[in-house]
Each structure stands twice: as structure tokens, then as C-alpha cells.
Amino acid sequence: IDSEDDLLQECISSAMPKKK
Amino acid sequence: PTPPALRWAGSLHSLLDDRDGTQLFRSFLREEGCADLLDFWFACSGFRKLAPGEGSEEKRLKLARAIYKKYVLHGAGVVARRVKPATKSFIRDCVLRQLVDPAAFDQAQTEVQAAIEEHSYPLFLKSDIYLEYA
């Protein structure tokens with residue numbers, strides 16, 4: 006089970022722009 | 005083509021659509037002690053993308069609670085200071101009632117974005133870190 010912090014980091018990363 | 009750094013000066017969204025721009029802006033905000041503003045903004049976008057039905061409801065609830073606890077709950081934080089009391093209550097109710105719709109953080113994101121556009125973004129465009137990059 007992910008910790009809340011891991012979940013949060015994953016969420017933030019998922020929304021950040023990807024390298025073009 | 006327009007150099008990236010010049011495009012970033014066009015609008016906040018043109019900056020946040022670009023990976024290098026986002027990283028540079030985050031470095032600037034970290035120096036200013038308010039990188040949480042940007043992390044929260046992206047957390048809200050990420051949460052909205054996690055549509056109901058995809059993945060477990062439990063995961064969405066856990067994430068909503070994590071965002072609320074880290075950024076909204078503590079009144080002294082840079083994010084909490086820029087989110088209106090009514091908006092905080094709305095999020096708290098969503099989390100407590102375990103009814104977390106994808107738009108739960110939309111209003112808070114709008115309020116934080118307004119603060120970024122008004123203060124942090126213009127300061128960034130005048131900062132050494134940006135001017136050196138440009």
C-alpha cells in the first residue's frame with residue numbers, strides 16, 4: 006500500500022508536463 | 005520559432021505547459037519558500053485526471069485526504085493562506101463525507117492560481133534565475 010506521501014508525489018508528477 | 009523562455013513570458017499556462025519552464029519556476033519558488041503553491045496546483049490537476057471508475061475509489065479518497073492534510077488544513081502554510089475559508093470548508097466536507105468528486109479542488113486551484121499570477125509569476129519574470137536562463 007502506498008503511503009500518502011508517495012501517492013501525492015505520484016499525483017503531482019502525473020500532472021507535470023513531460024519532456025518534449 | 006520563438007525561444008522557450010520568451011514563450012514562458014506570454015502567460016502562466018505557457019510556462020506551466022513546458023517541462024523546463026516548470027522546473028525553473030519551481031526552483032525560483034523554492035528559493036522564495038513557496039514551492040508548495042506549484043506542487044498544490046499540479047496536485048489539483050493530477051487529482052482531476054484521476055477520474056472515478058479508473059483505479060480504486062479508496063485511492064482517490066486517500067489522495068484527497070493527503071492533499072487536504074498537506075496543503076489546506078494547516079492555516080500557516082503558503083497554500084492555506086491563499087485559499088478562502090469557504091473553499092477550505094467545502095474541501096473538508098468532501099473529505100469527511102468521503103464524497104470526493106473530481107472537481108473537489110477546482111475552486112482552491114483557481115484561487116492559488118490567481119495568487120501565483122498576481123505575485124509569483126511576475127516576480128519570476130524579473131528574477132535573476134529567469135533572466136540568466138533567457
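Top to bottom, those sequences are chains A and B. The first sequence begins at 6 in this note's numbering and counts up one residue at a time. The second sequence begins at 5 in this note's numbering and counts up one residue at a time. Think of the CB as a built atom: it goes at the ideal place given N, C-alpha and C, for glycine as much as any other residue. Computed from a predicted model, the values in this text were never measured in an experiment.
CB-CB under 7 Å to residue i, same chain, minus the five flanking residues each way: which ones, in chain order?
i	result
tryptophan 12 of chain B	Ser18, Leu19, Asp22, Gly25
Please list the terminal residues of the continuous alpha helix (DSSP H) segment that includes residue i.
i	result
cysteine 48 of chain B	39 to 53
Please check the pair residue i and residue j, which I expect to be a contact at CB under 8 Å, by giving their CB distance rounded to whole angstroms.
i	j	result
alanine 140 of chain B	arginine 30 of chain B	This structure cannot speak to residue 140 of chain B, because chain B is shown only from 5 to 138.
alanine 108 of chain B	isoleucine 95 of chain B	6 Å
alanine 68 of chain B	leucine 13 of chain A	Not quite, the Cβ-Cβ distance comes to about 10 Å (not below 8 Å), so this is no contact.
leucine 41 of chain B	valine 116 of chain B	6 Å
serine 124 of chain B	leucine 33 of chain B	6 Å
valine 4 of chain B	lysine 92 of chain B	Residue numbering for chain B in the displayed model covers 5 to 138; residue 4 of chain B lies beyond these limits and cannot be assessed.
tyrosine 134 of chain B	phenylalanine 128 of chain B	6 Å
lysine 104 of chain B	arginine 64 of chain B	According to the sequence shown, residue 104 of chain B is valine rather than lysine. 6 Å between Cβ atoms; contact.
alanine 84 of chain B	glutamate 9 of chain A	The Cβ separation is near 17 Å, so there is no contact.
alanine 55 of chain B	proline 106 of chain B	6 Å
Of all Cβ atoms in chain A, is any one closer than 8 Å to the Cβ of residue i?
i	result
phenylalanine 32 of chain B	no
lysine 88 of chain B	no
aspartate 43 of chain B	yes
leucine 67 of chain B	yes
arginine 23 of chain B	yes
serine 49 of chain B	yes
alanine 108 of chain B	no
phenylalanine 46 of chain B	yes
threonine 26 of chain B	yes
alanine 70 of chain B	yes
What residues in its chain sit with their C-beta under 8 Å from that of residue i, if we drop five residues either side in the sequence?
i	result
isoleucine 120 of chain B	Leu16, Leu41, Leu42, Trp45
glutamine 113 of chain B	Phe44, Trp45, Cys48, Ser49
Between residue i and the rest of its own chain, which residues show a CB-CB distance below 6 Å, the 5 nearest in sequence each way excluded?
i	result
glutamine 111 of chain B	Thr91
Go through the region 60 to 91 of chain B residue by residue and report every complete run of the alpha helix (DSSP H) that reaches 4 residues or more, in order. 61 to 71
Jot down the residue ranges of each uninterrupted beta strand (DSSP E) in the region 96 to 126 of chain B, minimum 3 residues, whole runs only, in chain order. Listed in chain order, nothing qualifies, since the region 96 to 126 of chain B has no complete beta strand (DSSP E) run of 3 or more residues.
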